[in-house]
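Novice: Residue numbers (the numbering used here), protein chains in the order written: chain A, 335 to 572; chain X, 335 to 572.
Protein chains: 2
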Amino acid sequence: MTQLVSGQSISAVAAMIGDVARANILFALMGGKALTATELSHHAGVSAPTTSGHLNKLLDGQLITVEKQGRHRYYRLASPAVAEALEGLSNLAASGPGRHRPTGPKDMAMRQARTCYDHMAGQLAVAMTDAFTSRGLIIVEDRSGLITEEGQRVFADFGIGLDPKPRSARPLCRTCLDWSERRMHLGGRLGAALLAQSLQRRWVRPVKESRALSITRDGERGFHDVFGIPRDRLTPAG
Amino acid sequence: MTQLVSGQSISAVAAMIGDVARANILFALMGGKALTATELSHHAGVSAPTTSGHLNKLLDGQLITVEKQGRHRYYRLASPAVAEALEGLSNLAASGPGRHRPTGPKDMAMRQARTCYDHMAGQLAVAMTDAFTSRGLIIVEDRSGLITEEGQRVFADFGIGLDPKPRSARPLCRTCLDWSERRMHLGGRLGAALLAQSLQRRWVRPVKESRALSITRDGERGFHDVFGIPRDRLTPAG
DNA sequence: GCAATGCTTCGGCCAGGACCGAAGTAATCC
DNA sequence: GGATTACTTCGGTCCTGGCCGAAGCATTGC
């Protein structure tokens with residue numbers, strides 16, 4: 335009964351994530367930023383030595399990667415596949431027993447816009463998805479998404495060159511369930527490129543010590559003028 | 335820092351799957367068939383009492399459901415979301431360290447065709463995906479899939495009525511990485527309907543005590559005539 | 001150079017939980 | 001009814017693995 339993927343190997347990966355401290359570490363890294371061991375120990379809620387042990391296990395399991403930089407060590411999720419596996423577990427956790435009340439994050443800034451691994455989430459991201467759909471730039475069906483020819487043109491104008499088939503296992507356009515909005519938002523390579531481009535144009539700015547993003551004046555104008563997002567969806571009250 | 339989905343709740347779910355015996359149980363249930371406690375104890379490789387404990391935990395965690403029938407208890411995965419979470423973990427496990435050699439399953443029958451939760455996998459499923467794509471019935475891009483108008487017509491003729499938007503969280507058409515073929519095959523509601531219809535028409539038949547499916551004479555003719563699948567991809571040698 | 005910071009390894013403690021055998025309940029067969 | 005099969009609950013054992021404090025390397029700053 336030897337198989338490429340067995341219960342054995344699945345359980346090994348799941349056990350990695352099945353510890354509260356390690357799950358907190360991975361969850362913190364879902365923000366997409368590289369974090370140091372000390373920062374992660376705060377997120378994990380355990381001592382530095384314990385965190386070090388956990389990080390070694392996660393490295394062994396190839397769920398994260400390190401980069402040494404001076405006396406710091408910066409950790410990241412190893413691949414989008416890790417983020418997707420975590421997302422799958424989140425979907426289960428969200429619908430499972432002992433669910434928290436669906437009030438979403440208390441932090442209004444987080445609720446408005448934040449990073450989700452390498453793309454955007456929150457009200458802004460959902461509004462973008464809506465705007466793209468209604469303008470016929472993308473076609474979203476359930477969890478899948480396709481970019482139309484019109485969309486390719488508009489995104490290219492925006493500075494996003496999307497090679498249709500650069501042999502990557504990464505979906506060009508997929509959606510991701512938003513835990514505060516309970517709606518889909520854009521992920522995949524398109525989502526990642528949109529975040530990168532928005533940061534470069536300074537339409538959004540990362541908020542210190544948080545996954546939240548703040549929308550700048552330029553962003554308010556840009557998201558409205560270029561993508562046709564209603565202004566009332568660009569303000570915290572939105 | 336209370337959030338809808340926290341590291342805490344993710345780890346609870348992951349810990350469920352993070353035990354070898356439980357992972358084997360879930361993996362066995364990925365075949366889509368309901369199995370009894372005794373059958374599952376064999377898959378898990380532990381005693382009946384231990385299995386009983388595991389099953390209770392999985393029930394508590396809402397990863398599986400039971401149905402009493404006489405002196406048997408039939409267990410199933412609770413939802414497609416569970417299967418998708420397992421799939422996400424499988425993808426990680428397959429690319430992780432200690433990977434098994436990529437020879438795929440030894441069992442040729444399994445390799446040719448088998449169930450993957452509620453849809454088909456193996457050579458047959460990959461061949462179908464290829465045929466549908468080249469005939470323009472579906473458009474597959476990475477992990478997403480869309481059904482064309484032509485596709486809707488053909489599938490409807492085949493007896494698959496696909497309500498475009500029956501408010502279900504389940505994707506209509508998505509793809510799933512095949513661990514024996516290393517290619518994508520069809521999942522989602524379309525994949526499930528194709529399996530159901532193929533079983534009903536007796537184009538495939540479940541193999542006893544296995545996830546494998548055998549292609550019948552009718553199936554060879556049907557898959558070729560209706561969907562244009564080359565005959566050489568319908569034989570074990572394929 | 002010395003002190004401070006970031007992170008790791010070591011040693012030892014402790015608890016959760018996975019496991020089994022034996023015994024108990026429930027449904028079926030004859 | 002009695003024997004068999006299916007499954008569970010109970011009680012007790014054992015071991016994995018998460019945790020910390022103390023001490024040990026690196027790197028940086030002064």
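For glycine and all other residues, C-beta sits at the position ideal for the given N, C-alpha and C.
Just so you know, these numbers come straight off a predicted model, no measurement behind them.
Considering only DSSP beta bridges, list what L547 (chain A) is partnered with.
Specialist: Per DSSP, A:P540.
Novice: Starting from the beta carbon of Q342 (chain A), find every residue of chain X whose beta carbon is closer than 8 Å, and list them in chain order.
Specialist: Result: V354, A357 and N358.
Novice: Just checking: is the beta-carbon of G470 (chain X) within a distance shorter than 8 Å of some beta-carbon in chain A?
Specialist: False, the Cβ-Cβ gap to chain A never drops below 8 Å.
Novice: If you drop the 5 nearest sequence neighbours on each side, which residues of the same chain put their C-beta closer than 6 Å to that of A546 (chain X)?
Specialist: Cβ within range, chain order: A443, M444 and R448.
Novice: Per DSSP, A455 (chain X) is paired with what?
Specialist: DSSP lists X:R448 as partners of A455 (chain X).
Novice: Go ahead and label S345 (chain X) buried or exposed: buried means 16 or more other beta carbons lie within 10 angstroms of its beta carbon, across all protein chains shown.
Specialist: That one is buried.
Novice: Looking at S532 (chain A) and the ligand NAD, is the gap between the Cβ and the nearest heavy atom below 7 Å?
Specialist: As presented, the structure is devoid of all ligands, the ligand NAD included, so that no description of it is given.
Novice: Keeping to the same chain, check which residues put their C-beta closer than 7 Å to that of G562 (chain X); ignore five residues upstream and five downstream.
Specialist: These residues qualify, in order along the chain: A465 and R469.
Novice: Is it the case that the segment 409-421 of chain A contacts the segment 381-398 of chain A, given that we only count it when at least three CB pairs across the two stretches are under 8 Å?
Specialist: Flag = yes, the segment 381-398 of chain A and the segment 409-421 of chain A touch.
Novice: Please state whether DSSP places V474 (chain A) in a helix, a strand or coil.
Specialist: Strand at V474 (chain A).
Novice: On a CA-only basis, which of A:L568, A:A362, A:H519 and A:V354 is nearest M454 (chain A)? Give me that one, please.
Specialist: Minimum Cα distance to M454 (chain A) is reached at A:H519.
Novice: By a C-beta neighbour count over all protein chains shown, 10 Å radius and 16 as the cutoff for buried, is G525 (chain X) buried or exposed?
Specialist: Label assigned to G525 (chain X): buried.
Novice: In this structure, how does DSSP classify G562 (chain X) when only helix, strand and coil are distinguished?
Specialist: It is coil, neither helix nor strand.
Novice: Count the other CB atoms, across all protein chains shown, that sit within 10 Å of the CB of G553 (chain X); report buried if there are 16 or more and exposed otherwise.
Specialist: With 16 or more Cβ atoms within 10 Å of its Cβ, G553 (chain X) is classed as buried.
Novice: Per DSSP, what kind of secondary structure is L389 (chain A) in: helix, strand or coil?
Specialist: Residue state, collapsed to three classes: helix.
Novice: Fully enclosed by the segment 352-430 of chain A, which alpha helix (DSSP H) runs are 4 residues long or longer?
Specialist: Segments of the alpha helix (DSSP H) lying fully in the segment 352-430 of chain A: 354-363, 371-378, 382-394 and 414-429.
Novice: Under 8 Å between C-beta atoms, does E418 (chain A) make it to chain X?
Specialist: Yes - at least one Cβ of chain X is within 8 Å of the one on E418 (chain A).
Novice: Hey, how far is the Cα of G379 (chain A) from the Cα of G352 (chain A)?
Specialist: One C-alpha to the other measures close to 15 Å.
Novice: Could you check whether A357 (chain X) and L374 (chain X) sit closer than 8 Å to each other, using their CB atoms as the reference points?
Specialist: No, the Cβ-Cβ distance between L374 (chain X) and A357 (chain X) is not below 8 Å.
Novice: In terms of residues, what are the limits of the alpha helix (DSSP H) holding F489 (chain X)?
Specialist: Start and end: E483 to D491.
Novice: By how many angstroms is the C-alpha of S532 (chain A) removed from the C-alpha of P439 (chain X)?
Specialist: Only weak support exists for where P439 (chain X) lies, its pLDDT of 48 falling under 50; the coordinates are left without a value.
Novice: Considering only the beta carbon of each residue, do A371 (chain X) and T385 (chain X) sit closer than 8 Å?
Specialist: Against a cut-off of 8 Å, the Cβ pair of T385 (chain X) and A371 (chain X) comes out as a contact.
Novice: Taking its Cβ as the centre, do 16 or more other Cβ atoms sit within 10 Å of H388 (chain A), making it buried, or is it exposed?
Specialist: Under this definition H388 (chain A) is a buried residue.
Novice: Can you find a CB in chain X that lies within less than 8 Å of the CB of R501 (chain A)?
Specialist: In this predicted model, R501 (chain A) has a pLDDT of only 47, less than 50, meaning its place in the structure is not dependable; the value taken from the coordinates is given anyway. Judged by the 8 Å Cβ criterion, R501 (chain A) is not in contact with chain X.
Novice: In angstroms, rounded to a whole number, what distance separates the CA positions of A349 (chain X) and V400 (chain A)?
Specialist: One C-alpha to the other measures close to 25 Å.
Novice: When DSSP labels each residue in this structure, what does I495 (chain X) get in the three-state scheme?
Specialist: In the sequence under discussion, the amino acid at residue 495 (chain X) is Gly, which differs from the Ile named in the question. In the structure shown, G495 (chain X) sits in coil (DSSP, three-state: anything other than H, G, I, E or B).
Novice: Please identify the residue among A:S340, A:G341, A:S381 and A:G479 whose C-alpha is closest to the C-alpha of I359 (chain A).
Specialist: Per the Cα distances, A:S381.
Novice: Please list, in chain order, all residues of the same chain as C510 (chain A) whose beta carbon is under 8 Å from its beta carbon, the five residues on each side excluded.
Specialist: Taken in chain order, the residues that qualify are E421, C450, H453, A455, M518, H519, L520, G521 and G525.
Novice: Taking the C-alpha atoms as reference points, what is the distance between Y408 (chain A) and S424 (chain A)?
Specialist: Whole-angstrom Cα-Cα distance: 25 Å.
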